[in-house]
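Working notes, beginning with the structure itself.
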Amino acid sequence: MSETVLPPKKSTSLFPVGFVRDSAAYILSQQLPDGSIPWFKGHYADPWDHVEAAMGLAIAGEFGAAEKAYRWLADIQLPDGSWWAAYKDGAIDNGERRETNFVAYVATGVWHYFLISGDKGFLQQYWSMVERAIDFVLGLQTEYGEIHWAVDAGGQPKEDALITGCASVFKSLECAINIASVLGVARPEWVRGRTALGVALQSKPERFDRTWESKARFSMDWFYPVLTGAFTGEAARARLQQRWDEFVVAGLGCRCVNDEPWVTVAESCELTMALLASGQRARAEIIYRGLHRWQDSDGGYWTGYVYRDQAVWPEEKTTWTVGAMLLAADALADLTPASGLFTSVCLPSDTAKDAQGVDSFDQLELSGS
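Residue numbers (our numbering): 14 to 382.
Below, the structure written as structure tokens:
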């Protein structure tokens, strides 16, 4: 197995010796022959978490296995550009809905692979998959900018929006715009869609959680708009500080929800990257260093820890948790050319003009940052 070599100028104090190799080995041990990466063997694979694990493989230099993961997605993509919510053993496991943030995330994975490999042929090969996925997602955007969270089994929109889901789509649109630019394809409607979505995330809270109980108890609603670039600079720092004491448990990490004594490794990794994106490296390092206590001998990481009971729960080592650990390690230690994907916003220089006619969104001024 090939491992990305840590640059000599960087310290390995952020993670154990052999961390990249062992983490990738765990994901590889769970990947199925068809290329799919389930949460763990015997469980289902969903498109979002499958891509998260595939990105971990790319960080480790496991390009063959990562490409196989994207090939699996291309092979099972539906005619309208979407995927079902979950698959298991070569069959649909959840055919009740197709979630927009799951569908869009393939663009993030494909762009991430290209940033590391530099393989333009890979972008060309998977352009159609990305294009159809993004067109499906933007077809579910409302006049107010937010994007419906899913369609049902019959293809009818589930008409409400999630902050976390839309924030994830927001980053995926950035990646899709960059893919189109590298390939010389104009997609101004994607730029306008991303800009309108950013406006909604920044200034239209009433467009989210309209038909169900607020999801504000989930930490992802708190930090995802920072992680994905909808809030930057001082606005990002203020957002993270506002609910810090609700979600961060000193010495342990980030809670999944603010009303349960449960910290989770993946959310802690994502918060690590959000802190880096907002210029708070010291805090990011403190949180990340504490997560390695939950690595098992096979290289996998336990999903979470209930500190009231001093117990690992659930007793699962999910591949997407390991993927998140690798993404955060890359963001902290510059392991690959994709290390800044979740800690900065980078758009083609001509993006601003494509957003004309959409309400102001200051993120457009950060092209290339």
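Glycine included, every Cβ here is placed at the ideal spot set by N, Cα and C.
The beta carbons of F183 and G158 sit about 10 Å from each other, so the pair does not count as a contact at 8 Å.
Minimum Cα-Cα distance from S26 among the listed residues D62, A342, L354 corresponds to A342. The C-beta of A263 has fewer than 16 other C-beta atoms within 10 Å across all chains shown, which makes the residue exposed. For P274, the closest alpha carbon among the candidates F127, D102, V325, G69 is that of V325.
A contact between stretches requires three or more CB pairs, one per stretch, nearer than 8 Å, and the segment 226 to 235 fails this requirement with the segment 159 to 167. Collapsing the DSSP output to three states places N107 in a strand. Ranked by Cα distance from D258, the first of K171, S232, G246, A243 is S232. In the DSSP assignment, D258 falls within the unbroken alpha helix (DSSP H) covering 257 to 260.
Exposure of R321 is indicated by the presence of fewer than 16 other C-beta atoms within 10 angstroms of its C-beta. Residues V239, S291 of the same chain have their beta carbon placed closer than 6 Å to that of A249, with the five preceding and five following residues left out of the count.
Here the alpha carbon of Q215 sits roughly 16 Å from the alpha carbon of E156. Rounded to whole angstroms, R205 and A337 show a C-alpha spacing of 29 Å. Here the alpha carbon of E75 sits roughly 17 Å from the alpha carbon of K133.
Assigned with DSSP and collapsed to three states, E329 falls in coil, not helix or strand. Counting only residues of its own chain and dropping the five nearest sequence neighbours on each side, V150 has a CB closer than 7 Å to the CB of T113, V116, A117, I160, V182. Inclusion of L186 and I147 in the CB contact set at 8 Å is warranted, their separation being smaller than that value. With a cutoff of 8 Å on beta-carbon distance, K81 and G48 are scored as near each other. The continuous stretches of beta strand (DSSP E) do not include W225, and DSSP gives it neither H nor E. The residue from L153, G242, E172 with its alpha-carbon nearest to that of T224 is E172. Sorting L354, E144, V195 by C-alpha distance to the C-alpha of E202 places E144 at the top.
G266 and V64 have their alpha carbons spaced roughly 24 Å apart.
Per the DSSP secondary-structure output, W275 pairs in a beta bridge with V319.
Rounded to whole angstroms, the Cβ separation of A346 and T356 is 12 Å, and the two are not in contact under 8 Å. Taking a C-beta distance under 8 Å as the contact criterion, D311 and Y139 do not qualify as a contact pair. Its chain contains W235 as the residues whose beta carbon lies nearer than 7 Å to that of R256, once the 5 sequence neighbours on both sides are disregarded; these appear in chain order.
In this structure, F260 is the residue among F260, W97, V278 with its C-alpha nearest to the C-alpha of V270.
Straight across, the Cα-Cα distance linking A78 with G69 is about 10 Å.
With fewer than 16 other Cβ atoms from the protein chains shown falling within 10 Å of its own Cβ, P92 counts as exposed. For K366, the enclosing alpha helix (DSSP H) covers residues 364 to 367.
Per the coordinates, the alpha-carbon of Q293 lies some 19 Å from the alpha-carbon of L339.
Restricting attention to beta strand (DSSP E) runs no shorter than 3 residues, the segment 145 to 178 encloses them at 163 to 165, ordered along the chain.
The C-alpha of G317 is placed about 11 Å away from the C-alpha of Q323. Between the beta-carbon of A351 and that of I129 there is about 5 Å, and that keeps the pair under the 8 Å contact cut.
Distance from D106 to Y57 at the Cβ level is roughly 4 Å; contact confirmed, criterion being Cβ atoms closer than 8 Å. A residue is called buried when at least 16 other Cβ atoms come within 10 angstroms of its Cβ; A243 meets this threshold and is buried.
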